[in-house]
Amino acid sequence: MFHVKHFEDTIVAVATPLGVGGVGVIRVSGGRALEIVRPSIKNFPQDIIPRRLYHGWFHIEDKLIDEVLFYFMKAPESYTGEDVVEISGHGGPVVLCTMLEALIQNGARLAEKGEFTKRAFLNGKIDLAQAEAIADLISAKTSLGVEVSASQLSGSLSNKISSLRKALLEVLAGVEVVIDFSEDVGELDFSALREKLVSIMDEVDGLIAGAKQGKVLREGLRVTILGKPNVGKSSLLNALVGKNRVIVSDLPGTTRDTIEEVINLNGLPLVVIDTAGIRHPKDKAEEFGVERARVEAEGADLILLIVDASSNLTEEDLMIFDLVKNKRWVLVLNKIDLGLKVKLNGFVTPPRKFEVSALYGKGIDDLRLGMFEYVCSDLAAGPFKGYDSSKNFSSLVNARHLNCLLRAKESLSRALKLIEDNAQEVLVAIDLKEAVLALGEVCGEEVSEEVINTIFEKFCVGK
-14 MFHVKHFEDT IVAVATPLGV GGVGVIRVSG GRALEIVRPS IKNFPQDIIP
36 RRLYHGWFHI EDKLIDEVLF YFMKAPESYT GEDVVEISGH GGPVVLCTML
86 EALIQNGARL AEKGEFTKRA FLNGKIDLAQ AEAIADLISA KTSLGVEVSA
136 SQLSGSLSNK ISSLRKALLE VLAGVEVVID FSEDVGELDF SALREKLVSI
186 MDEVDGLIAG AKQGKVLREG LRVTILGKPN VGKSSLLNAL VGKNRVIVSD
236 LPGTTRDTIE EVINLNGLPL VVIDTAGIRH PKDKAEEFGV ERARVEAEGA
286 DLILLIVDAS SNLTEEDLMI FDLVKNKRWV LVLNKIDLGL KVKLNGFVTP
336 PRKFEVSALY GKGIDDLRLG MFEYVCSDLA AGPFKGYDSS KNFSSLVNAR
386 HLNCLLRAKE SLSRALKLIE DNAQEVLVAI DLKEAVLALG EVCGEEVSEE
436 VINTIFEKFC VGK
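Counting in this note's numbering, the sequence shown runs from -14 upward without gaps.
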């Protein structure tokens, strides 16, 4: 891994979301941070004390722009490991952009996406897994996602990977000693070596299992609402979300495209998708909507099949029952405020059934609870098998980590096969080195510049 201890340029960006707000923050990082900020704040102290909050007035030449608070963090005791000045002004986009342009005129360069965090990584303030945790923390959809990301930011995943890598390096060192000094140390104890590698691979397998859990918490489970036109699909989405996300009409076929909303279901993010009513389409636009609904059903983690409880089943209802019969689904009988007249008559046996009035909110809490129980039971048998939220936060890895771990596991598997075949120690060492390199990529010990750039390009400007 390479570390860059010094950058020629000093960067600047607005660190808070652009828009009208009470406070807006501008961040300046680099060796010339003080030199660049000082001319714009007339009462800037000559001998500024780090980590002390100062009051001042931001000017451009003789024009007063804003009243600000600012502080200085001296390298290396800052987020980026460089000299950093942060200026807090009022949160209007025009005033912030005016101050930003002035600092650029003073010699700063506008920061690229994620460049502050990238400098923190390159200067050794955080590792790559912690940098990714910052992005996850910012985009977390639920409080549980926040806890998981914060755990990784604190170093839980990094510490586990570091421990595994250290153990593997010790094994590798033992093998190389035998290769280099076989006459002095004797033959390699293949039995003891195998035992150590099996233990390490078990730990790697545990981390690999965590990738599925992490995907759920980062991206959410997809819940698709299916039904024929005018059964209340959009009303159900509004009821689950708790606001009028979709305009509801009595006319059938109003929804022509999918509409998504994220809801927090006891810590699990659910992406709930309202779809077009499934029936024999009457025009091209409706045909497109029906096809999108079918596609969403194919990719759903759970389907809410909604039926009008106030009328008998139709051919369209039965067609949708047939569509979901081999999928994870529950039946929602809607419009019970109009009476419960529908008869299933053995046409279908749903895994779970809920009676609701989406319009008046009746039964929605029971549906939410039932969805949570159903989803959790499904997760317990799948991606969350053996999951203990109090213990396994550190194992919630992302797709990049998973790729590294799978390569490490493959190398370890080859090494174990060589041991079973009593192969030469030098061949075992080659696979052990590859496993060490793969684990090192997780935290950035061994990683290419291309990978680094790809990760930080996903950040926003100012972070």
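We treat Cβ as the ideally placed atom computed from N, Cα and C, and that holds for glycine.
Going by C-alpha distance, which of the options is nearest residue i?
i	options	result
Gly7	Ile33, Ser73, His44, Phe29	Ser73
Ala261	Ile244, Pro254, Asn251	Ile244
Glu301	Lys310, Gly355, Arg264, Val315	Arg264
Gly130	Ser296, Gly191, Pro254, Ser342	Pro254
Arg36	Ser63, Glu20, His44	Ser63
Asp32	Lys59, Asp259, Thr102, Asp47	Lys59
Val22	Gly66, Leu344, Gln90	Gln90
Lys443	Ala(-2), Ser124, Cys82, Glu71	Ser124
Trp42	Pro30, Phe57, Asn407, Ile26	Ile26
Ala87	Lys48, Glu97, Ile119	Lys48
Pro61	Arg104, Ile305, Val341, Ile11	Arg104
Pro78	Val13, Ala(-2), Ser136, Glu188	Ala(-2)
Glu20	Ala393, Asp(-6), Ser147	Asp(-6)
Phe175	Ile111, Pro2, Lys418, Val160	Val160
Leu153	Gly447, Val421, Ser433, Glu431	Val421
Ala224	Arg203, Glu204, Glu246, Gly205	Glu246
Ile437	Arg385, Asp406, Leu397, Leu403	Arg385
Ser398	Cys389, Ala285, Leu182, Glu204	Leu182
Glu431	Cys389, Thr439, Ile45, Val156	Cys389
Around the Cβ of residue i, are there at least 16 other Cβ atoms within 10 angstroms (buried) or fewer (exposed)?
i	result
His40	exposed
Arg337	exposed
Gly425	buried
Gln198	buried
Lys151	exposed
Ser460	One cannot answer for residue 460 here, as it falls past the ends of the chain, which runs -14 to 448.
Glu276	exposed
Thr209	buried
Thr334	exposed
Ile34	exposed
Glu410	buried
Val5	exposed
Cys428	buried
Phe55	buried
Met304	exposed
Arg108	A small fix is needed here, since residue 108 is Asn in this sequence, not Arg. That one is buried.
Ser433	exposed
Phe57	buried
Asp187	exposed
Taking 7 Å as the cut-off, decide whether the C-beta atoms of residue i and residue j are in contact.
i	j	result
Phe441	Gly140	no
Gly76	Gly9	yes
Asp68	Ala18	yes
Ala116	Phe101	no
Ala114	Leu142	yes
Trp314	Ile349	no
Asp293	Lys312	no
Lys218	Asp259	yes
Ala393	Leu417	no
Glu340	Leu316	no
Ile(-4)	Ala96	yes
Leu391	Leu403	no
Arg207	Ala285	yes
If we define contact as Cβ-Cβ less than 7 Å, is residue i a contact residue for chain C?
i	result
Lys197	Protein chains in the displayed structure number just one, and chain C is not present.
Sort out for me which residues DSSP pairs residue i with in a bridge.
i	result
Pro2	In the DSSP output, where bridge partners are listed per residue, Pro2 has none listed.
Ser342	Lys347
Asn249	Pro254
Thr209	Ile258, Ile288
Leu95	Val(-3)
Val446	Lys98
Ile404	For Ile404, which the question treats as bridged, DSSP gives no partner whatsoever.
Ile119	Paired residues: none, contrary to the question.
Ile244	Asp259
Those runs of the beta strand (DSSP E) which lie wholly inside the stretch 259 to 339 and span at least 3 residues: 287 to 293, 314 to 319
Alpha helix (DSSP H) runs contained entirely in the stretch 8 to 84, provided each spans 4 or more residues: 18 to 22
Ordered list of beta strand (DSSP E) runs contained in the stretch 137 to 204, each at least 3 residues: none
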